[in-house]
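Okay, so the sequence shown: first residue is 0 according to numbering that gives the first Met the number 0, each after it adds one.
Each residue gets a CB set at the ideal place from its N, CA and C atoms; glycine is no exception.
Below is one structure, written out as structure tokens; comments come after it.
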Amino acid sequence: MQDNQTMTTDTHVCAADRKLPIGQLLPMGVQHVLVMYAGTIAVALIVGGALDLPREDISYLIMADLLCCGIGTLIQSLGIWIFGIRMPIVMGSSFVTVGPMVAMATSGHVGIAGIFGATVVSGVFGIALVPFFTRLLKFFPPLVTGTVIASIGISLIPVGINWAAGGVGASDFGAPVNVGLAVFVLACILTINRIGRGIWVNISVLIGLLIGYLVALPLGVVSLDGLASQPVVGVVTPLHFGMLEFPISGIIAMCIIMVVTLVESTGMCLALGEMVGKPVDRRLLNRGLYGDGIATAIAGFLNGFPHTSFSQNVGLVGMTGVTSRYVTVVSGFVLIVLSLFPQAAFVVASIPKPVLGGAGLVMFGMVASAGINIMNKADMSQRTNQLVFAVSIGFGMIPLAAPDFFAIFPDWTAPIVHSGILLTAVAAVITNLLLNGGDAVADESDTEEELESAARRQSRAAGPAKS
0 MQDNQTMTTD THVCAADRKL PIGQLLPMGV QHVLVMYAGT IAVALIVGGA
50 LDLPREDISY LIMADLLCCG IGTLIQSLGI WIFGIRMPIV MGSSFVTVGP
100 MVAMATSGHV GIAGIFGATV VSGVFGIALV PFFTRLLKFF PPLVTGTVIA
150 SIGISLIPVG INWAAGGVGA SDFGAPVNVG LAVFVLACIL TINRIGRGIW
200 VNISVLIGLL IGYLVALPLG VVSLDGLASQ PVVGVVTPLH FGMLEFPISG
250 IIAMCIIMVV TLVESTGMCL ALGEMVGKPV DRRLLNRGLY GDGIATAIAG
300 FLNGFPHTSF SQNVGLVGMT GVTSRYVTVV SGFVLIVLSL FPQAAFVVAS
350 IPKPVLGGAG LVMFGMVASA GINIMNKADM SQRTNQLVFA VSIGFGMIPL
400 AAPDFFAIFP DWTAPIVHSG ILLTAVAAVI TNLLLNGGDA VADESDTEEE
450 LESAARRQSR AAGPAKS
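In structure tokens, the structure reads:
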């Protein structure tokens, strides 16, 4: 949606700060919510499933997730003290942290209270790390970051496959009706991407889930038992699942992954700065990263998971040309309102596993594809870079291929050694340093110069920007 006719005429106002007519803010804000909805609730569904929670608890996780997304989006879009970059950013649950959380859930030693406790600590750790973060960026070039993100998708694909068959432990695992539903949903998503345009492509996963759910209803695979007992309106309360616990291994795992999350957010902030013509210097970048940290810490208290800026929403800004941050402010309020309806969350939690499986194969595969796309910014014709990728992915596959590989290790290490994503991250950083040596990292001054260079490019490109 182009905005030549709707933006304010004050050319001295940054594109991100321009205000649109109220009548246009709501549909544009809802559009952002539609784009991110399927991706963010997937984290609650995955972690809730790994913890073997009842649907009532999973629906509560969905409500909490929507509330936390809304709060995080408002922090980033409006800016509060040192927190928030004041750009059109929509926050959502980070897929990067799914691996460690699932590892904690399946270890038998860390429950949901431990996951939330580790989330709070990782958010505080992220805030404390921001002032020194440019010194760590040099250890995460595109080769390392892309490899880690690719491993996230690869680690999650088995979850989608099991969903497609009916879910682990299902009595009808692999039944034709389950596989058929998954294939049907997958076909719907692919068809929309083939013939659709614009927003329809961006919400293709959401549409696929909706169509699959409607088709599953007459097949008798949807159970809404307990829906009537859910209140029409409900409010998410802090520490709903009990007092926070702080498992050392879970905290270590989440803090390490938090570094990867901040690296990913750095790329999102720089890309968004290019779109809105707002130079992203170190101070502004720090505000965005502080926003990630505080949103994650708040989420842990409110029964949510680590948060980050959603790349699909940054992509939507580029596609529509609508760069006003007040659009995503509306998105934040819409997400908070959605968190008030337990029955709606219960219906989402009741989506059959095969329907989720068809969509999951696309979502998780696209995460892997995004990682490969980032990794290709490095010269993959170099043998050393190929080896970094090969060794790192190999380490990441250990928990998938041989779950008992680390059985001799102490139980408390399970959240660390059973997370393929975490193993990939550590292996990628170390092998990159070993194989590429001094070329693997840059001086801190080089990193600062890159940020300043990006800011200068954005300043030159500012001109008349879209709102």
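Residue span of the beta strand (DSSP E) that contains residue i, given as start and end
{"i": "residue 307", "result": "306 to 308"}
{"i": "residue 357", "result": "Element bounds for residue 357: not the beta strand (DSSP E) but the alpha helix (DSSP H), 352 to 374."}
{"i": "residue 92", "result": "90 to 92"}
Rounded C-alpha distance that separates residue i from residue j
{"i": "residue 273", "j": "residue 132", "result": "21 angstroms"}
{"i": "residue 150", "j": "residue 262", "result": "16 angstroms"}
{"i": "residue 315", "j": "residue 260", "result": "20 angstroms"}
{"i": "residue 156", "j": "residue 46", "result": "14 angstroms"}
{"i": "residue 327", "j": "residue 30", "result": "10 angstroms"}
{"i": "residue 413", "j": "residue 433", "result": "27 angstroms"}
{"i": "residue 5", "j": "residue 212", "result": "Note that residue 5 scores a pLDDT of 41, beneath 50, so its modelled location is shaky and nothing firm can be said."}
{"i": "residue 346", "j": "residue 58", "result": "8 angstroms"}
{"i": "residue 207", "j": "residue 436", "result": "46 angstroms"}
{"i": "residue 266", "j": "residue 209", "result": "32 angstroms"}
{"i": "residue 66", "j": "residue 308", "result": "15 angstroms"}
{"i": "residue 53", "j": "residue 112", "result": "16 angstroms"}
{"i": "residue 62", "j": "residue 385", "result": "42 angstroms"}
{"i": "residue 416", "j": "residue 298", "result": "25 angstroms"}
{"i": "residue 202", "j": "residue 32", "result": "10 angstroms"}
{"i": "residue 249", "j": "residue 408", "result": "15 angstroms"}
{"i": "residue 51", "j": "residue 423", "result": "26 angstroms"}
{"i": "residue 27", "j": "residue 106", "result": "42 angstroms"}
{"i": "residue 126", "j": "residue 271", "result": "21 angstroms"}
{"i": "residue 197", "j": "residue 401", "result": "42 angstroms"}
{"i": "residue 472", "j": "residue 176", "result": "There is no way to answer for residue 472, as the model of the chain reaches only from 0 to 466."}
{"i": "residue 55", "j": "residue 431", "result": "45 angstroms"}
{"i": "residue 154", "j": "residue 342", "result": "31 angstroms"}
{"i": "residue 160", "j": "residue 81", "result": "43 angstroms"}
{"i": "residue 19", "j": "residue 219", "result": "46 angstroms"}
{"i": "residue 194", "j": "residue 429", "result": "44 angstroms"}
Residues bridged to residue i [DSSP beta-bridge criterion]
{"i": "residue 79", "result": "82"}
{"i": "residue 379", "result": "For residue 379, which the question treats as bridged, DSSP gives no partner whatsoever."}
Residue i classed as buried or exposed, judged by whether at least 16 other C-beta atoms fall within 10 angstroms
{"i": "residue 368", "result": "exposed"}
{"i": "residue 277", "result": "buried"}
{"i": "residue 190", "result": "exposed"}
{"i": "residue 3", "result": "For residue 3, the predicted structure reports a pLDDT of 41, less than 50, and the residue's modelled location is therefore unreliable. The matter cannot be settled from this model."}
{"i": "residue 359", "result": "buried"}
{"i": "residue 399", "result": "exposed"}
{"i": "residue 467", "result": "In this structure the chain extends from 0 to 466, so residue 467 is not present and cannot be described."}
{"i": "residue 290", "result": "buried"}
{"i": "residue 86", "result": "buried"}
{"i": "residue 375", "result": "exposed"}
{"i": "residue 404", "result": "exposed"}
{"i": "residue 122", "result": "buried"}
{"i": "residue 330", "result": "buried"}
{"i": "residue 301", "result": "buried"}
{"i": "residue 228", "result": "exposed"}
{"i": "residue 64", "result": "buried"}
{"i": "residue 199", "result": "exposed"}
{"i": "residue 168", "result": "exposed"}
{"i": "residue 17", "result": "buried"}
{"i": "residue 140", "result": "buried"}
{"i": "residue 420", "result": "buried"}
Endpoints, alpha helix (DSSP H) assigned at residue i
{"i": "residue 30", "result": "21 to 49"}
{"i": "residue 247", "result": "247 to 275"}
{"i": "residue 242", "result": "It is not in any alpha helix (DSSP H) - residue 242 carries neither H nor E in the DSSP assignment."}
{"i": "residue 167", "result": "Unbroken run through residue 167: none, as it is neither H nor E."}
{"i": "residue 302", "result": "Per DSSP, residue 302 belongs to no alpha helix (DSSP H) and is neither H nor E."}
{"i": "residue 338", "result": "Note, residue 338: premise wrong, no alpha helix (DSSP H); not H, not E."}
{"i": "residue 106", "result": "97 to 106"}
{"i": "residue 208", "result": "203 to 215"}
{"i": "residue 429", "result": "419 to 435"}
{"i": "residue 189", "result": "175 to 194"}
{"i": "residue 414", "result": "413 to 416"}
{"i": "residue 120", "result": "111 to 128"}
{"i": "residue 133", "result": "132 to 136"}
Are the region 223 to 233 and the region 110 to 123 in contact at 8 angstroms, needing three or more beta carbon pairs? Judged by pairs of C-beta atoms under 8 angstroms, the region 223 to 233 does not touch the region 110 to 123, as fewer than three such pairs exist.
Contact between the region 73 to 82 and the region 23 to 40 (3+ Cβ pairs under 8 angstroms): Taking 8 angstroms as the limit for Cβ pairs, the verdict is that the region 23 to 40 does not touch the region 73 to 82.
Taking 8 angstroms as the cut-off, does the region 85 to 93 touch the region 36 to 44 (at least 3 CB pairs, one atom from each stretch)? Contact between the region 36 to 44 and the region 85 to 93 is present: 3 or more CB-CB pairs across the two stretches fall below 8 angstroms.
Taking three-plus beta-carbon pairs below 8 angstroms as touching, is the region 339 to 358 in contact with the region 178 to 198? Touching, yes.
Give a yes or no on contact between the region 138 to 149 and the region 368 to 380, applying the rule of three or more CB pairs nearer than 8 angstroms. At 8 angstroms Cβ cutoff, the stretches touch.
Does the region 94 to 110 come within contact of the region 327 to 342, defined as at least 3 CB pairs closer than 8 angstroms? Two segments are said to touch when three or more pairs of C-beta atoms, one from each, lie closer than 8 angstroms; by this definition the region 94 to 110 does not touch the region 327 to 342.
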